[in-house]
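Worksheet: one structure, shown below.
Protein chains: 4
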Amino acid sequence: MPEISPELLSSVIHPRQSDTHKGDYGRVLLIGGSDQYGGAIIMAAEAAINSGSGLVCVATHSINLGALHARLPEAMFIDWRDRNLGAMIGQVDVIVCGPGLGQSDQAIKLLQLLKVNLTGEQTVILDASALDLIAKNKELMPTRSKLIIMTPHQMEWQRLSQLRIPFQTDSANLAALRALVPGSKGVLVLKSNHTKVFDTDGNIYTNPLGNPGMATGGTGDTLAGIIGGFCAQFGGKVNSVLAAVYIHSWAGDLIGQDHYVVRPTQISALLPRLMKKVAEKL
Amino acid sequence: MPEISPELLSSVIHPRQSDTHKGDYGRVLLIGGSDQYGGAIIMAAEAAINSGSGLVCVATHSINLGALHARLPEAMFIDWRDRNLGAMIGQVDVIVCGPGLGQSDQAIKLLQLLKVNLTGEQTVILDASALDLIAKNKELMPTRSKLIIMTPHQMEWQRLSQLRIPFQTDSANLAALRALVPGSKGVLVLKSNHTKVFDTDGNIYTNPLGNPGMATGGTGDTLAGIIGGFCAQFGGKVNSVLAAVYIHSWAGDLIGQDHYVVRPTQISALLPRLMKKVAEKL
Amino acid sequence: MPEISPELLSSVIHPRQSDTHKGDYGRVLLIGGSDQYGGAIIMAAEAAINSGSGLVCVATHSINLGALHARLPEAMFIDWRDRNLGAMIGQVDVIVCGPGLGQSDQAIKLLQLLKVNLTGEQTVILDASALDLIAKNKELMPTRSKLIIMTPHQMEWQRLSQLRIPFQTDSANLAALRALVPGSKGVLVLKSNHTKVFDTDGNIYTNPLGNPGMATGGTGDTLAGIIGGFCAQFGGKVNSVLAAVYIHSWAGDLIGQDHYVVRPTQISALLPRLMKKVAEKL
Amino acid sequence: MPEISPELLSSVIHPRQSDTHKGDYGRVLLIGGSDQYGGAIIMAAEAAINSGSGLVCVATHSINLGALHARLPEAMFIDWRDRNLGAMIGQVDVIVCGPGLGQSDQAIKLLQLLKVNLTGEQTVILDASALDLIAKNKELMPTRSKLIIMTPHQMEWQRLSQLRIPFQTDSANLAALRALVPGSKGVLVLKSNHTKVFDTDGNIYTNPLGNPGMATGGTGDTLAGIIGGFCAQFGGKVNSVLAAVYIHSWAGDLIGQDHYVVRPTQISALLPRLMKKVAEKL
């Protein structure tokens, strides 16, 4: 089973062409952040911005607007109850749904709204409570996507796949992934201390990096945001996901060299420098 | 066609005289920031403050107050529905209108308010949705200005000038600029990967700097804020605009040396050091 | 009487095992932050996050949500009037109650809610106004705890123990501590310029570190948060408390080497580096 | 006329004694920050905290709470309409009134509230719109103070003293100061590019430091906060004021060595290091 490698990262992150503008680096819409979990969607957006998305918009509970802009003036905002959200879903390149979403009726409505407004040309990343809601009601899966990426940790995957953790073998995971996204291309990022990535073509990759200092709230939200940013810039494909998984852990390992606990926002802050090194082969 | 040069920058940014106070460095009013796009006007204000404006006031949707002051306690605030806004427009030296303004009825009212309250002695910078609104209704152009500066990117300029991008030649751009501000002095900053600056006297300048890491949301808002800050301090004239365009890209290039993506707030943060170097010939 | 030592710190802070996840590092719930004193609970949460808690949730007045997430997107939020708070109390590992709590009727209700929802397996840290409320009504003591840790300064201890400061001898303090938590295991962190720690087993420890630059508002809130973070990760036991007291002062002494006043948030920011040094014997 | 000197600074800022607690470093209450000018009182509070006040409370418009705590969790908050504000005025050591206060009816009420709740043992610093309101109605002067410190710039002093700027001679300023605070001890900090300090005993001092990069909004608010912090720690006396004026400019000069414009929050951030150098004769 291949490990994700520095070479893979280099093949994904290439120098930007001079004759480009922000529209060339993709539009990412992040949906999440209830009145209790606003920080999660802010961290995901922070990752999406720092990983280079051209434009980032956050659909969240209105109570989170102040903190969002205090940290991230680069992000645009839309109240997740705004009736224009459906139209916006149809206009972006990548949707990240789940960080801090919660499991309220409003959260379910948002998944429904996502599902019906997709165009079929978009990449969707599903994380956290979005996965738990889909576990309860498979009809919520946003199937009209070019690529569906799911980023559960093992317990979320258990709920979603009905595979208890000891039975989460590679073959079982592949079969469950395919069953979840019938007719669509899908990627499963199964987070653990040795994160694996599965795709519906049957490929399986392991992430050689990462450290237990990253075991803290927000690390997963940050990963979801980086995947969003990379798919927006580098295309909605498995390699973009692999590169995101790898750089997230690489950043965490660098910070972890002299920090006992790695705050997720430190990972986001480090991304522009690491991406530059990779792009320039420094 | 002349390139903007370090010598031009040096001719604009001079050491401050000791016997001066904040009033000598100009009052800038920034108008923008709807309930969705508050970050844009915050980034513009961040640029205006860091570029040295003596006093900065932000007229924006009231929902943006908290984030504004969390980032920028130096900025004053006025609710963009406040009936005193018209009087304030008449009292400042420079107005930046457009970042995050949106295209609501309120946005149109603000452009009308701007137009009628100008004194004829002020510099106005029009950016983003202010330009789109004027594209739809030329009557909104704030003609009673000492200098009107417009900062569209190519697509915004297409909407404003009716020149499709392939037809945006220098001579066509000059003619369109003159037609837009009949009887006024105007400057067009046409943003692209090779930004050009046109004035109604027929001068055309190119910006030799800039990099694609700057292709991210907020870069333009930051430029508008720097132009505002420079016109406030160094006078509402073409050279102030040229210096602003140049230093914005210079900062972006320095940050881009080791960052794959250049966050606009990094540009603002770097300005005081760069301006010092220029002023002191360091 | 033994001093807390670097060896004690090393025995508590050990390298994290690779096969772990955030759940292994404990759930901390912090209760406090009225409409006047929101900063206190934010500082306590900042300490809990930086000291390595796996998950941190803050129960506070809703007015504090924006500032909380602007500083700490890693923290989860619950309105302290939310009827689900009782259930949440029963699900976490450690509760820190008191920073910025105030003495309103709502504060009293929160102490009552805490008391009835504890499971007997949890560690509770009581600080600041929580102690003052208990001083007035001993029935509020949350006795159904695995460990009760109190962190008064001398005047708060006087109100709680009825021992005037000159009479706060070691033996009197021990007796008062035991009387306050009959049948429970308790720890008293008596804050002064020579902080002492007492436990109901009769042990007494002194803290050799600390400096008067730390004599500023928020230092105590930060200590309470570190104790919470350490008990969550390293277990609810006296050694975790001792390690927290020691590292708090060590950080303060390092910062105080070149700062006249030590801002509490600087202490929190330094923790991950210090903990790494200890864990790796650097 | 003596210049304020490094020796004066050293005589004021002394090493802290080990057997002290936050109460020994004074309680500062800052009153100001309308719905338009909230940043001003935040900057003053930032200065008071960084200059070492033991406890800082901010009485301001409730809309400013979020930004205050996002920047300064160390600060306590009280709604400036809170009926307990009068009692709080009586309990603190130093009151700074004016930054961002505005001239509304509420501002006038606050000055009246201040006046009647003073105990006669407190130091009051009057800045900005507080001075303008007193200029219009001398009855608002808070005469029941141990020391009244006013910090106008030249135009504010003109309005307050009725001395037009060309007539602001030393002797005229002294006479006007004495007339303004009959029967009280008063200090006038007359801000200009060569700030002078006058006291009612007839002493006049000049500040040899400062630079025009400091000519930006918020510099004065920061000075008011430092004066508040120094009077709280080092006593309400002229030397505390002189030290505050000096260190404010010294910090500004250091920052100004490589920054064209000196942001006021940079001055505050530098204070703990400078104070340490002075206290330790480094």
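Residue numbers (UniProt numbering), protein chains in the order written: chain A, 1 to 282; chain B, 1 to 282; chain C, 1 to 282; chain D, 1 to 282.
We put the beta carbon where it would ideally sit given N, CA and C, even for glycine.
Contact with chain B by A45 of chain C, beta-carbon distance below 8 Å: No, because no Cβ of chain B sits closer than 8 Å to the Cβ of A45 of chain C.
C-beta atoms of L163 of chain D and A172 of chain D nearer than 8 Å: Going by C-beta atoms, L163 of chain D is nearer than 8 Å to A172 of chain D.
Residues in the region 201 to 223 of chain D having any Cβ partner in chain B nearer than 8 Å: N211, P212, G213, A215, T216, G217, G218 and T219
Cα-Cα separation, K115 of chain D to F77 of chain B: 29 Å
Assumed close pair L111 of chain A, G86 of chain A - CB separation to whole angstroms, cut-off 8 Å: Not a contact, Cβ separation roughly 12 Å.
Partners in chain B for G66 of chain C, counting only beta-carbon separations shorter than 9 Å: Close to G66 of chain C, with beta-carbon spacing below 9 Å, are these residues of chain B in chain order: G66, A67 and A70.
Contact belief for M1 of chain A with I204 of chain A at Cβ below 8 Å, rounded distance in angstroms: 5 Å
Cβ pair count under 8 Å reaching 3, the region 23 to 36 of chain B against the region 84 to 98 of chain B: yes
Cβ of D258 of chain B within 8 Å of any chain A Cβ: yes
R81 of chain C, enclosing beta strand (DSSP E) - first and last residue: That residue, R81 of chain C, is in no beta strand (DSSP E); it is neither H nor E in DSSP.
Bounding residues of the alpha helix (DSSP H) (the contiguous stretch that carries G229 of chain B): T219 to F234
Where the beta strand (DSSP E) through A59 of chain A begins and ends: L55 to T60
Separation of G32 of chain B from F230 of chain D, as counted between CA atoms: 40 Å
Delimiting residues of the alpha helix (DSSP H) encompassing G252 of chain B: V238 to G256
Inter-residue spacing [alpha-carbon to alpha-carbon] between L188 of chain A and S11 of chain B: 58 Å
Boundaries of the beta strand (DSSP E) in which L29 of chain C is found, first to last residue: R27 to I31
Within chain C, partners of I13 of chain A - CB distance below 8 Å: Near I13 of chain A there are no residues of chain C at all, since even the closest Cβ is about 25 Å away, more than 8 Å.
Neighbour flag for H153 of chain A against chain C, beta carbons, 8 Å: yes
Positions along the region 152 to 174 of chain B whose CB lies within less than 9 Å of some CB in chain A: H153, Q154 and M155
Cβ shell of G90 of chain A (< 6 Å), same chain only, five flanking positions each side left out: N117 and T119
Interface positions of the region 74 to 87 of chain A facing chain B (Cβ-Cβ less than 7 Å), listed along the chain: E74, A75, M76, F77 and I78
Alpha-carbon spacing of Q17 of chain D relative to S53 of chain D, whole angstroms: Whole-angstrom Cα-Cα distance: 15 Å.
Chain-order list of residues whose beta-carbon lies under 8 Å from that of A67 of chain C (same chain, five-residue window excluded): G38, G39 and I42
Chain A residues whose Cβ lies nearer than 7 Å to that of I63 of chain B: L65
H194 of chain C classed as buried or exposed, judged by whether at least 16 other C-beta atoms fall within 10 angstroms: exposed
Length of the line joining the Cα atoms of N211 of chain D and F167 of chain B: 50 Å
Where D93 of chain B falls: helix, strand or coil (DSSP): coil
Buried versus exposed, by CB contacts within 10 Å (16 or more), S240 of chain D: buried
Minimum C-alpha distance to Q106 of chain C - residue among C:R81, C:D132, C:P99 and C:D221: That would be C:R81, whose Cα lies nearest to the Cα of Q106 of chain C.
Status (buried if at least 16 other CB within 10 Å, exposed otherwise) for T216 of chain A: buried
Selection from C:T206, C:N64 and C:I134 that minimises the alpha carbon distance to L8 of chain C: C:T206
Supposed contact pair E74 of chain B and T265 of chain B - C-beta distance, whole angstroms, cut 8 Å: Their Cβ separation, rounded to whole angstroms, is 14 Å, which puts T265 of chain B and E74 of chain B out of contact at 8 Å.
Contacts around L274 of chain B, its chain only, beta-carbon distance under 7 Å, and the 5 residues preceding and following it disregarded: I247, W250 and A251
Straight-line gap, K138 of chain C to G202 of chain C (C-alpha atoms, nearest Å): If I take the Cα positions, the gap works out to 22 Å.
Contact with chain C by S240 of chain D, beta-carbon distance below 8 Å: For S240 of chain D, the answer is no, since every Cβ of chain C falls outside 8 Å of its Cβ.
beta-carbon A75 of chain A near the ligand MN non-hydrogen atom, thresh 7 Å: Of the ligands one can find in the structure shown there are none, so the ligand MN has no counterpart to examine.
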